[in-house]
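This note's numbering puts the first residue of the sequence shown at 64, with every later residue one more than the last. C-beta atoms are modelled at their ideal positions from N, C-alpha and C, and glycine is treated no differently. Okay, so here's the structure we're looking at.
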Amino acid sequence: MKCQYKDIKIDNYLENRDKYLLIDVRSPLEFQEDHIEGAINIPLLDNNERKIIGTIFKEEGMRSAKEKARQLVFPKLSQKLEAIHKAIDQTNKKCLVYCFRGGDRSKIMATLLAFERGSIYRLEGGYKSFRKEIVRFFNEEEMPSVYVLYGLTGAGKTDILLALEKEGLPVIDLERLANHRGSVFGHIGLNKQPTQKRFETLLYFKLVDKKNFYIVEGESKKIGRISIPCSFYNQLLDGKPYLINCSINERVKRLNKEYAGHFESDKEIINEALNYLTIRLGKNTIKEIQTLLVNKEVKEAIKRLLLEYYDVLYEKNRKKEKEYENTFSSDAFDDCIKSLVREFN
64 MKCQYKDIKI
74 DNYLENRDKY
84 LLIDVRSPLE
94 FQEDHIEGAI
104 NIPLLDNNER
114 KIIGTIFKEE
124 GMRSAKEKAR
134 QLVFPKLSQK
144 LEAIHKAIDQ
154 TNKKCLVYCF
164 RGGDRSKIMA
174 TLLAFERGSI
184 YRLEGGYKSF
194 RKEIVRFFNE
204 EEMPSVYVLY
214 GLTGAGKTDI
224 LLALEKEGLP
234 VIDLERLANH
244 RGSVFGHIGL
254 NKQPTQKRFE
264 TLLYFKLVDK
274 KNFYIVEGES
284 KKIGRISIPC
294 SFYNQLLDGK
304 PYLINCSINE
314 RVKRLNKEYA
324 GHFESDKEII
334 NEALNYLTIR
344 LGKNTIKEIQ
354 TLLVNKEVKE
364 AIKRLLLEYY
374 DVLYEKNRKK
384 EKEYENTFSS
394 DAFDDCIKSL
404 VREFN
C-alpha cells in the first residue's frame, strides 16, 4: 500500500477547490480567527494545549515542546482520525489537510491518513500560504466593476441586496460579511464582528469567482472595526452610483421592525450609543430621545434620530442628483426590486 501523502500548492487548491474536503487541524482559536472557506476544524491541540506548548517552546526549546506535544496528542490520535474518516466517508471529495504553516500537525495527520486510506493531500505552507494569497489578491488583482446603492438610513438597501441576490444577481453584502450595519447602532442585536482576516477571506471568496460586476451598498472605509481592503474600497468610490429614495414614514417603519425588541433587551448598549452622539446632538436632544424610548415612543425616537442625525450626516456626503446613474423608490418595495432587476440584467 502507498502510504505517502502528496503536498499541493495553494494555487493548485484554489483552482480545484470544489474537488477537496478541507481538514483544518489547528486549534479552535486559530480556526475562529480565520480559516479557508469550507474547512472542517478537527484540531490536534485544543486552545489551552497549544498555549502550553508555546510556553514550553519559549522557555525550554523545541525538543521539550515536541515531547510535550507527543504526550498531549498521541492519546487522542485514534479519536481524531476517526472523526476525519467519518467526514471523508460522507463525501466523494479528496481529503486535503492543513495546519498553520505546513508543519508537524498536518504532517502527522496526513501521514497516518495516507497509511490508512492511501490517497491524502496536504497543503504546502498551510494556512500561511493561503493568507499570502489573500494579501497578494487585494494588492495586485484588478477589482471587478461595482454598482453601488446609496440612500438614507432605513431606505432598505440591505433588504434590496438580499432580494436581488434571490433573483440571481451578483451581490456582495459587506455589512453581512462584517456582521455590522455600519452605523453607531450597527452592532445592536448582532454577535461580535469577525476578525479583519476573516472578513478579507469572506470577501475574497465572493470576488474570486470573477463576475462581470457586483452590486453593493455604499459604505465608509470602516464597517464597525472592520476595514474594507483599499483596492476594493477604491472600486466602491469609482463604481456606478444608484440612489434609493424612501419616505420618512417607511424608513421609520422598517427600522422599528429591524430593531424590535432590542430597545428593551439592549437598553444599556443603546444608551451608550446615544451618549456617543451627545457631541453632535447636544445633551438636551439626547435626553429627549432617551425619554421617548423610556415612554415606549420608539417610532418618534427613531424619526428624530433619522432627521436630526443620520440625514444631516448623509447630506454632507451625498452626491448631486445628476451624478446618479438612476434613482429608485423603495416605498413600493416589490416594484423597486422589479425595476432594479431590469436595470442590472
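Check your understanding: Which two residues bound the contiguous beta strand (DSSP E) that contains Val234?
Key -> For this step, residue 234 is matched to residue 171 along the sequence shown. Taken as a continuous stretch (DSSP letters only), Val234 belongs to no beta strand (DSSP E), as it is neither H nor E.
Point to revise | Where Arg164 sits in the DSSP three-state scheme | key: Counted from its first residue, the sequence shown places residue 164 at position 101. Coil.
Exercise for review: Compute the beta-carbon to beta-carbon distance between Leu107 and Met172, rounded to the nearest angstrom, for a pair I have assumed lies under 8 Å.
Suggested key: Reading the sequence shown from its first residue, position 44 is the one you call residue 107. Reading the sequence shown from its first residue, position 109 is the one you call residue 172. At roughly 7 Å, the Cβ-Cβ gap stays under 8 Å, so Leu107 and Met172 are in contact.
Review point. Glu93 lies in the alpha helix (DSSP H); which residues open and close that run?
Key: By one-based count along the sequence shown, residue 93 stands at place 30. It spans Pro91 to Glu96 - the alpha helix (DSSP H) in which Glu93 sits, taken as one unbroken run.
Review point. Which partner residues does Cys158 have in the DSSP bridge list?
Key: Counting from one through the sequence shown, the residue named residue 158 turns up at place 95. In DSSP, Cys158 forms a bridge with Leu84.
Exercise for review: Take every Cβ of the region 305 to 325, pair it with every Cβ of the region 207 to 220, and state whether three or more of those distances are shorter than 8 Å.
Suggested key: The region 305 to 325 and the region 207 to 220 touch, with no fewer than 3 CB-CB distances between them shorter than 8 Å.
Review point. Grouping DSSP H, G and I as helix and E and B as strand, with all else coil, what is Phe276?
Key: Taking the sequence shown and counting its residues from 1, one reaches residue 276 at position 213. It is a strand residue.
Check your understanding: For the 8 Å Cβ check, are there 3 or more pairs between the region 360 to 369 and the region 271 to 285?
Key -> Segments in contact, no.
Practice item. Return the residue from the list Gly231, Val198 and Ser294 that minimises the CA-CA distance to Arg405. Key: For this step, residue 405 is matched to residue 342 along the sequence shown. Nearest in C-alpha terms to Arg405, of all of Gly231, Val198 and Ser294, is Gly231.
Practice item. From the DSSP output, in three-state form, read off Lys303 for me. Key: As a working note, residue 303 is residue 240 in the sequence shown. Assigned with DSSP and collapsed to three states, Lys303 falls in strand.
Check your understanding: Should Ile342 go down as buried or exposed, given a rule of 16 or more other Cβ atoms within 10 Å for buried?
Key -> Position 279 of the sequence shown holds residue 342. So Ile342 counts as exposed.
Check your understanding: With which residues is Asp13 paired in a DSSP beta bridge?
Key -> Examination of residue 13 is not possible in this model, given that the chain is present from 64 through 408 alone.
Review point. Cβ atoms of His325 and Ile235: under 9 Å apart, would you say?
Key: Position 172 of the sequence shown, counting from 1, holds the residue named residue 235. Position 262 of the sequence shown, counting from 1, holds the residue named residue 325. Contact: no.
Check your understanding: For Tyr76 versus Val160, is the C-beta distance shorter than 9 Å?
Key -> Looking up residue 76 in the sequence shown gives position 13. Looking up residue 160 in the sequence shown gives position 97. Against a cut-off of 9 Å, the Cβ pair of Val160 and Tyr76 comes out as no contact.
Practice item. Would you check if the distance between the CB atom of Asp87 and the CB atom of Ala132 is smaller than 9 Å? Key: The sequence position of residue 87 within the sequence shown is 24, counting from 1. The sequence position of residue 132 within the sequence shown is 69, counting from 1. The beta carbons of Asp87 and Ala132 sit no closer together than 9 Å.
Point to revise | Residue from Lys220, Thr390 and Lys350 whose Cα sits closest to the Cα of Leu318 | key: In the sequence shown, the residue the question calls residue 318 occupies position 255. Nearest option by C-alpha distance: Lys220.
Check your understanding: Which partner residues does Ile103 have in the DSSP bridge list?
Key -> For the purposes of this step, residue 103 is taken as residue 40 along the sequence shown, with counting starting at 1. DSSP output for Ile103 lists Ile86 as bridge partner(s).
Review point. In its own chain, which residues sit with a C-beta less than 7 Å from the C-beta of Met64, not counting the 5 before and 5 after it?
Key: Within the sequence shown, residue 64 is the residue found at index 1, counting from 1. In this predicted model, Met64 has a pLDDT of only 49, less than 50, meaning its place in the structure is not dependable; the value taken from the coordinates is given anyway. Answer for Met64: Gly181, listed in chain order.
Check your understanding: Which one or two residues does DSSP pair with Ile289 in a beta bridge?
Key -> By 1-based counting over the sequence shown, the position of residue 289 is 226. According to DSSP, Ile289 bridges with Ile286.
Review point. Hey, would you say Leu369 sits closer than 9 Å to Arg314, going by beta carbons?
Key: The residue you call residue 369 lines up with position 306 of the sequence shown. The residue you call residue 314 lines up with position 251 of the sequence shown. In this structure, Arg314 lies closer than 9 Å to Leu369 by Cβ.
Practice item. Can you give me the Cβ contacts of Phe201 inside the same chain, cut-off strictly under 6 Å, excluding the 5 residues immediately before and after it? Key: Here residue 201 refers to the residue found at position 138 of the sequence shown. These residues qualify, in order along the chain: Pro292 and Ser294.
**Study point:** Start-end ranges of the beta strand (DSSP E) lying completely within the region 377 to 408, minimum 3 residues
**Key:** Listed in chain order, they are 389 to 392.
Point to revise | Collapsed DSSP secondary structure at Asn308 in the structure displayed | key: Walking along the sequence shown from the start, residue 308 turns up at place 245. Asn308: strand per DSSP, three-state reduction.
Practice item. Within 10 angstroms of the Cβ of Arg89, are there 16 or more other Cβ atoms? Answer buried if so, exposed if not. Key: As a working note, residue 89 is residue 26 in the sequence shown. Buried, since its Cβ has 16 or more Cβ neighbours within 10 Å.
**Study point:** For Leu212, three-class secondary structure by DSSP
**Key:** For this step, residue 212 is matched to residue 149 along the sequence shown. In the three-state scheme derived from DSSP, where H, G and I count as helix and E and B as strand, Leu212 is classed as strand.
Review point. Can the beta-carbon of Ile115 be found less than 9 Å from the beta-carbon of Leu135?
Key: Taking the sequence shown and counting its residues from 1, the one referred to as residue 115 is at position 52. Taking the sequence shown and counting its residues from 1, the one referred to as residue 135 is at position 72. Yes. Within cutoff.
Review point. CB Lys156 to CB Lys82, shorter than 9 Å?
Key: If you number the sequence shown from 1, residue 156 lands on position 93. If you number the sequence shown from 1, residue 82 lands on position 19. With a cutoff of 9 Å on beta-carbon distance, Lys156 and Lys82 are scored as near each other.
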